Each structure stands twice: as structure tokens, then as C-alpha cells.
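In the order they appear, the protein sequences are chains A and B.
Residue numbering for the first sequence follows the UniProt record's numbering, beginning at 1 and increasing consecutively.
Residue numbering for the second sequence follows the UniProt record's numbering, beginning at 1 and increasing consecutively.
The structure under discussion appears below in the form of C-alpha cells.
Number of protein chains: 2
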Amino acid sequence: MDIGPRLKLVRERYKLSQRELAKRAGVTNATISLIEQNRVSPSVSSLVKLLEGIPMSLADFFTFDEPPRENGYVFRPGEQPDLGNSGLRLLLVGATVQNRQMRMLRELYAPGADTGPETITHSEGEECGLVVRGTIELTIDGQVNVLHTGDGYYFPSTLPHRFRNIGQEEAEIISANTPANF
Amino acid sequence: MDIGPRLKLVRERYKLSQRELAKRAGVTNATISLIEQNRVSPSVSSLVKLLEGIPMSLADFFTFDEPPRENGYVFRPGEQPDLGNSGLRLLLVGATVQNRQMRMLRELYAPGADTGPETITHSEGEECGLVVRGTIELTIDGQVNVLHTGDGYYFPSTLPHRFRNIGQEEAEIISANTPANF
DNA sequence: TAAGCTCGTTAAATATAATTGACAAGCACC
DNA sequence: GGTGCTTGTCAATTATATTTAACGAGCTTA
């Protein structure tokens, strides 16, 4: 992932010159020039300063993508970036949507795939989903539920939770959460 | 956003010691120690190396958040009331949730089923969805799109829109919209 | 008890990033 | 042509990050 071109893209999209952004971010224009040429790899703290000058979050920056190709509202499978890791694919619907209010994911769990032995907790928000295929063990606040095709869930993101594919085949969930930031 | 604790959280979730991760990532353990204490702000290139050793993408890392907590959160098919009409079933996930922030529907379109010749427009909100099965013609603001299995959409509810099953078989969409009231 | 391992931390040396101060190219205006 | 402004780039200095090499704490085994 080259930070340089990406930063340049973002900066130009916001119609800022190197010097303008530098002033807002509290760094020098030379820094931006070198970063955009990939001649240095900025420290995270510098990158944060730059993004605050835009402004944009780190998460937005790294999930930033080219503007929509069709009419901007339809997202084909190839246009759904994978936010997951091995055994667990998390395909984001609407990747290029800015300032989103919610996030929809197509979640594909390999047999045995797991969101991790430790549960996940967020500081706010709600999430819901529906099992399209397979068998999922969903643990919410210590309570274990087994979900089959057609079963859904809806819970506050503040509760610790964990997803696990306990079936022999791949499992698929369509999920949505709000607000969009994890 | 403190990188240090975040890195530590991620590293420990993957049950790696500083030295183990250092070896995989091709950096020294001292580097990881200093980063996790926020005594230095790593360069992006170093952070990338570390995440490759886990492995995890930058986007994942920065959208990763603190874990959670809460329950009666699972909804079986028989507990999903139908809000639709003939030819179009709209099954609500999480019917008993109070003061919901969003609404998820399992939408089942009989062949030819239609949300109506007139388009729908709302005063606010966003909606997104994913086609799980079948072929749907989605018209947004006059633009016609044909969606197949795996295709998704995300658009502001203020745009006039219409869904129609143009396939020979039943089509299924999982959708979410926010806020929850139509 | 001591040897041998792992863990995370640290001071000093080295490598890299950020700033300072300058340059040339482009453009507008007179 | 000349002045003044903007743009992005660069060399040398300074500030910061990373490595090297060490330390103490904790644990296991002999």
C-alpha cells in the first residue's frame, strides 16, 4: 500500500496545496512533498497531523477508494473490499460511501472460522444480521446461541460478542451495524 | 488514537509475544516494546511490517475497536413478522427491539414482484442491501441497474427508488436502513 | 541453588524522518 | 521584460525512530 499517492489523491480531492495542508496540519510542505513521493515513510503521528488538517480519520484514509464507477450506488462483488483475515472474509458493501451512517458486511466464515477467542465490545451502536447459509454459534454477553439459515440477531454493540462457524461448510451472514465505525 | 495500546491489544488477541511478532515482522522486539508504550510513533512502513506479521491490514487495524457487552438478541424465522404484501415478503429482524437505530429486512420477491410502479422517496436516511439470490432490477434516481447474486447497493433514501424481481425465480435481498422509521 | 529459558524493558549507537532555507517553473498583472 | 505570487522539489541540518546489546523478573528443571 503506497501512502504517498494515496495522500496525494486525498489532498487533491480536497483541493488543498501542499503548503495549505502543511499549514493546517502543523507540518512543513517539504514533509508532504517527500511523503507523496514515497521517499519517506511518515510516522503515524505525522500522518495523523496531516489527516487532521483535511480532516479525515485514519480508518477513512486506509479504506479510502477510488470514486464510484457506475452511478455510485451499486457495488459488485469485485468492488467489495475484504476487511477480514484468514478464514473469515468481511466484504464491505458501499466501500466508497463517505460519512456513512451504517455499514453492511457480507461475512463468509470458513469451517471453524472465528472472530477470536476473546469477545468483541464496542463503546456504542447496534448491530444486526441474518444467517444466509450455514450454522453459526453466536455468543452474546456470555450466552451461547446456535443460529441456522434464516435466523437473525439484533443486539447493542456494547455487549461482548463472538461469532464462530461450528458447521462443516462455509457459513454466510449479511450484517449491518450503526454507526459505521467499529 | 493511541497506536501503542491498540497494537498491544491486537498482538495479544493473536497470542503473540513481542519477540514472536518481531521475528515474523522482521523488526526487533525493542521496537515493539517502545511502540506499545507510545514512547515512539512508528513509521507507517514499520507498522505495515508489524501488521503483515499478524497478519492484518492497515484498514482493519484502524477500524478495530475496543471490545463490548449485553441480551434476547436472536430472532428465529417464526419471530420475523412480515411487513410486506402479496408477492413481496418483508421479514423484520429484531421485531421486539425498542428505539432501534436501524432496521434490517429479509426481502423475498416472487417472480415479477415489485415495490410499485411509482418510485419511493424518503425525507432522510440511508439504505443498503445485498442480493443473496436471484436477479433484481434496481432503479435509483432514474438510473436502472440490474443486480445479481452478490451485488450490493448503498444510496441515500432521499433519492427515488424502486425494486423489481426480473428473474424467473424468487429473489432474496437482505437490506438495512437507517433511521429505522420509513 | 543454579542453569536455562522466556518475558518485557532500556541506554547508547545508528538509521530514518522532519525542518530549514533555498531553487526553478508556472502563471497573472502591469 | 519585470515584479510578485504560487506551485512542487531538493540539500543539509535537526529531531525522531529503530537497532544493538544489555538487564532484571518470572518460570521450569535439575
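For every residue, glycine included, the Cβ atom is placed at its ideal position computed from N, Cα and C.
As the structure is a computational prediction, the values presented were derived from the model and not from experiment.
By the criterion of a C-beta distance shorter than 6 Å, residue 152/B is surrounded in its chain by 130, once the five residues flanking it on both sides are discounted. Among the CB atoms of chain A, one or more fall inside 7 Å of the CB of residue 58/B. Ranked by Cα distance from residue 163/A, the first of 25/A, 140/A, 124/A is 140/A. Taking all protein chains in view, the Cβ of residue 154/A is crowded by 16 or more other Cβ atoms within 10 Å, so the residue is classified as buried. As summarised for the UniProt domain "HTH cro/C1-type" (7 to 61) of chain A, the continuous alpha helix (DSSP H) elements at least 4 residues long and confined to that stretch are 18 to 25, 29 to 36, 44 to 52, given in chain order. Nearest in C-alpha terms to residue 18/A, of all of 62/A, 45/A, 2/A, 54/A, is 54/A. Checking the DSSP bridge columns, you'll see residue 168/A has no partner listed.
For the set 91/B, 165/B, 11/B, the Cα lying nearest the Cα of residue 56/B is the one of 11/B. Chain-order list of chain B residues neighbouring residue 85/A: 54, 55, 56, 57, 60, by C-beta distance under 9 Å. Residues 109, 110, 112, 113, 114 of the same chain have their beta carbon placed closer than 8 Å to that of residue 87/A, with the five preceding and five following residues left out of the count.
Check the Cα spacing between residue 107/B and each of 125/B, 127/B, 82/B: the tightest is with 82/B. Residues of the same chain with a CB within less than 6 Å of the CB of residue 159/A, apart from the 5 flanking positions on each side, are 140, 141 in chain order. Within its own chain, the residues whose Cβ lies closer than 8 Å to the Cβ of residue 49/A, once the five positions on either side in sequence are excluded, are 25, 26, 27, listed in chain order.
Within chain A, not a single residue places a beta-carbon under 7 Å from that of residue 11/B; the smallest gap is close to 13 Å. Sequence-distant Cβ neighbours of residue 90/B in its own chain, meaning closer than 7 Å and more than five residues away, are 82, 83, 84, 105, 107.
The Cβ neighbour count for residue 38/B, taken over all protein chains shown within 10 Å, is under 16; the residue is labelled exposed.
Neighbours of residue 178/B in chain A, taken as residues at a C-beta separation under 7 Å, are given in chain order as 101, 102, 178. As a beta-bridge residue in DSSP terms, residue 139/A pairs with 144/A, 162/A.
Residues 111 of the same chain have their beta carbon placed closer than 8 Å to that of residue 168/B, with the five preceding and five following residues left out of the count.
Under the Cβ distance rule, residue 17/B does not count among the residues neighbouring chain A, no pair being separated by less than 7 Å. In this structure residue 171/A does not touch residue 176/B by the C-beta definition: roughly 19 Å separates them, more than the 8 Å allowed. The C-beta of residue 44/A has 16 or more other C-beta atoms within 10 Å across all chains shown, which makes the residue buried.
For the 7 Å CB-CB criterion, residue 156/B and residue 137/B do not form a contact.
Closer than 7 Å to the CB of residue 130/B there is at least one CB belonging to chain A. Between the C-alpha atoms of residue 178/A and residue 103/B there is a straight-line separation of about 10 Å. For residue 44/A, at least one C-beta of chain B is nearer than 7 Å to its own C-beta. Counting only residues of its own chain and dropping the five nearest sequence neighbours on each side, residue 122/B has a CB closer than 6 Å to the CB of 157. When 9 Å is used as the limit between beta carbons, residue 136/A is near no residue of chain B, the shortest such separation being about 10 Å. For the C-beta of residue 3/B, the chain A residues within less than 8 Å are, from N- to C-terminus, 44. When C-alpha distances from residue 35/A are compared across 22/A, 4/A, 144/A, the shortest belongs to 4/A.
Against chain B, the CB of residue 33/A has no partner CB under 7 Å away; the residue lies outside that interface. Using a Cβ-Cβ cut-off of 7 Å, residue 173/A does not count as an interface residue toward chain B, since no Cβ of chain B sits closer than that to its own. In this structure, the CA atom of residue 9/B is about 17 Å from the CA atom of residue 40/B. Per DSSP, residue 124/A is not a residue of any beta strand (DSSP E), being assigned neither H nor E.
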